[in-house]
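Q: Got a structure for you, questions after.
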Amino acid sequence: MRIILDFRKYDGVVGGVEQGALQIARYAAKQGHHIILVAKQARTAAVRELVSQSRNIEVVPVRIRSHAISPRNAWLDNFYFPRLASRISADLIHFYYNWSFPFHATVPCLLTVHDVIPFTFREAMGWWRNHFLYRPAIRLACRLNDHITTVSEFSRRDIAKRTGVPLEKITVIPNGLRSPSPFDETVWSRLVAKLGLSEGYILNSGGIHERKNTIALLEAFSILVREMAYRGKLVITGAVSGAPYQDKMKSRCDAAVRRLDLESRVVFAGYVSEKELDLLMMRADVFVYPSLYEGFGIPVLEAMQVGTPVVASSLTAIPEIAGDAALLVDPRSPRRIAEAISMVLRDAALRERLIAQGRSRASRFSWEGTACAYLELYHRMLGEHARR
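Quick note, the sequence shown lines up with residues 0 to 387 if you use numbering that gives the first Met the number 0.
Here it is as structure tokens:
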């Protein structure tokens with residue numbers, strides 16, 4: 000097969016979405032398929048490394064400001080991609096991030112929709128863009144593409160509900176999980192000094208956003224410190240997200256820290272590298288993920304993989320991904336979050352059970368498995384297209 004894989008979202012930082020696209024390309028190339036990666040960042044280390052590993056991967060650069068909905072990207076969807084498909088005799092186009100509008104496609108088109116968060120949280124885009132741009136756009140994209148994939152059964156049903164497409168048009172292919180970095184004492188020592196860690200800590204990753212429930216986490220940590228005598232710190236990694244509300248969200252978090260008298264106990268670490276995050280995961284007392292909405296929740300599995308017990312939200316896709324390997328709580332109750340963390344800290348048997356079940360749960364998710372499932376779907380779509 001010759002597959003065009005849309006990699007326009009990649010801006011130089013390899014997050015979960017980007018990791019998935021790279022792994023699909025790598026695995027498909029190993030199986031003898033030819034992958035044409037369309038990217039705006041074609042000269043970065045991640046892309047160069049990918050190309051160096053196989054002659055079956057070709058990178059085609061495009062000039063765009065971002066992957067966001069725009070006239071330029073609409074032109075690429077409807078003119079550039081079809082012409083490219085015809086020129087190189089591609090069999091299928093895989094649009095890998097939430098929206099693309101192939102009105103004039105000449106080959107089957109697959110769209111991956113990771114979640115539809117802005118339908119629930121307008122801060123993900125802003126009110127005007129959310130109601131008048133994103134919502135109509137995602138509905139149109141889901142109807143125009145021949146098939147849709149998403150990362151969880153929760154997301155599958157949410158996408159069908161929000162867009163009106165039938166459930167049978169949506170296939171669930173879960174995300175994979177990268178291997179953690181080996182422990183590095185030098186990097187760890189620098190990280191400890193940088194973040195001021197000494198007596199243990201509770202970790203939260205994934206950024207600061209209304210849907211990440213950061214304020215409730217701070218309130219839960221306050222209860223843990225005041226009433227349950229926890230002596231460690233709370234470390235929160237990731238940037239403030241949700242344009243154009245970043246400043247407002249950061250101000251709310253800072254105000255909550257002052258109100259709760261936690262200035263010396265909370266560390267906003269900001270962006271950390273993969274290696275630094277892995278080390279923080281490995282050494283955390285508990286990993287806490289009280290998100291109000293997730294289409295998947297890779298950080299939960301990343302913590303489980305390195306043997307850290309997890310307290311997580313009982314809402315949206317998280318119970319599906321975590322299974323019985325995390326202590327699930329109502330994230331809308333700071334007290335219940337605090338009590339769950341305290342249980343894990345105090346109950347050695349519970350802690351060991353969560354660690355063992357967490358490792359087992361995480362082992363079920365691999366990028367190779369994800370990529371294999373995509374190849375099977377590509378073949379199925381081509382077969383259906385040939386029978387039309």
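Using N, Cα and C, we set each Cβ at its ideal position, and we do this for glycine too.
Can you tell me where the beta strand (DSSP E) holding R1 begins and where it ends?
A: R1 to F6
Q: Using alpha carbons as the reference points, say which of E48, Y96, S51 and N55 lies closest to H33.
A: N55
Q: I believe G231 touches I207 by the beta-carbon criterion, under 8 Å. Please report the beta-carbon distance rounded to the nearest angstrom.
A: Going by Cβ atoms, the distance from G231 to I207 rounds to 20 Å, so no, they are not a contact pair.
Q: Can you give the beta carbon distance from T149 to I158, rounded, assuming they're within the 8 Å contact cut?
A: 6 Å
Q: CA-CA distance, F182 and Q304?
A: 14 Å
Q: DSSP state of E262, grouped into three classes?
A: coil
Q: Can you name the residues that DSSP bridges to Y288?
A: A311
Q: List the endpoints of the continuous alpha helix (DSSP H) containing Y373.
A: W366 to A385
Q: Give the single residue among L75, V112, R156 and D90 whose Cα lies nearest to the Cα of H103.
A: L75
Q: If you scan the region 159 to 224 from start to end, which runs of the beta strand (DSSP E) of 3 or more residues do you find wholly inside it?
A: 169 to 171 and 200 to 203
Q: Just grab the DSSP bridge partners of I235 for me.
A: N203 and F267
Q: Does DSSP put V46 in a helix, a strand or coil?
A: helix
Q: Among D323, A324 and P318, which has the Cα closest to the Cα of P330?
A: P318
Q: Quick check: what's the CA-CA separation for R360 versus V309?
A: 12 Å
Q: If we count Cβ pairs, one from each stretch, closer than 8 Å, do we get three or more for the region 368 to 386 versus the region 170 to 184?
A: yes
Q: Cα separation between L202 and R156?
A: Rounded to the nearest angstrom, the two C-alpha atoms are 30 Å apart.
Q: By the DSSP assignment, the alpha helix (DSSP H) with L349 in it spans what residues?
A: A347 to A361
Q: Sort L143, W127 and K249 by Cα distance to A73 and report the nearest one.
A: L143
Q: Among all the DSSP beta bridges, which residues are the ones paired with E273?
A: Paired residues: none, contrary to the question.
Q: From the DSSP output, which residues share a beta bridge with A228?
A: DSSP, once it has assigned bridges, lists no residue as partnering A228.
Q: Using CA atoms only, rank isn't needed, just tell me which of P333, V271, E262 and E273 is closest to Y288.
A: P333
Q: Which term fits E351, buried or exposed, when burial requires 16 or more other beta carbons within 10 angstroms of its beta carbon?
A: exposed
Q: Using the C-alpha atoms, what's the distance from E273 back to I63?
A: C-alpha separation (whole angstroms): 27 Å.
Q: Do you know whose CA, among T185, R71, P101 and H113, lies nearest Y95's CA?
A: H113
Q: Would you tell me roughly how many angstroms separate the C-alpha atoms of E218 and E301, rounded to the nearest one?
A: 25 Å
Q: Can you have a look at K247 and say buried or exposed, based on whether 16 or more other CB atoms are within 10 angstroms of its CB?
A: exposed
Q: Could I get the ranges of all uninterrupted beta strand (DSSP E) runs contained in the region 124 to 158, with 3 residues as the minimum, in chain order?
A: 146 to 149
Q: Taking its Cβ as the centre, do 16 or more other Cβ atoms sit within 10 Å of R225, making it buried, or is it exposed?
A: exposed
Q: Mind checking which residues open and close the alpha helix (DSSP H) that includes L83?
A: Segment F80 to I87, the alpha helix (DSSP H) holding L83.
Q: Which residue or residues does DSSP assign as beta-bridge partners of I35?
A: I3 and E57
Q: In whole angstroms, give me the CA-to-CA distance for L36 and P81.
A: 14 Å
Q: So, is the C-beta of L376 closer than 7 Å to a C-beta in chain D?
A: Annotation note: the requested chain D is absent from the structure, which comprises a single protein chain.
Q: Locate the alpha helix (DSSP H) running through L91, then write down its first and last residues.
A: No alpha helix (DSSP H) contains L91, which is instead part of the beta strand (DSSP E) from L91 to F94.
Q: Run through DSSP, which three-state label would V328 get?
A: strand
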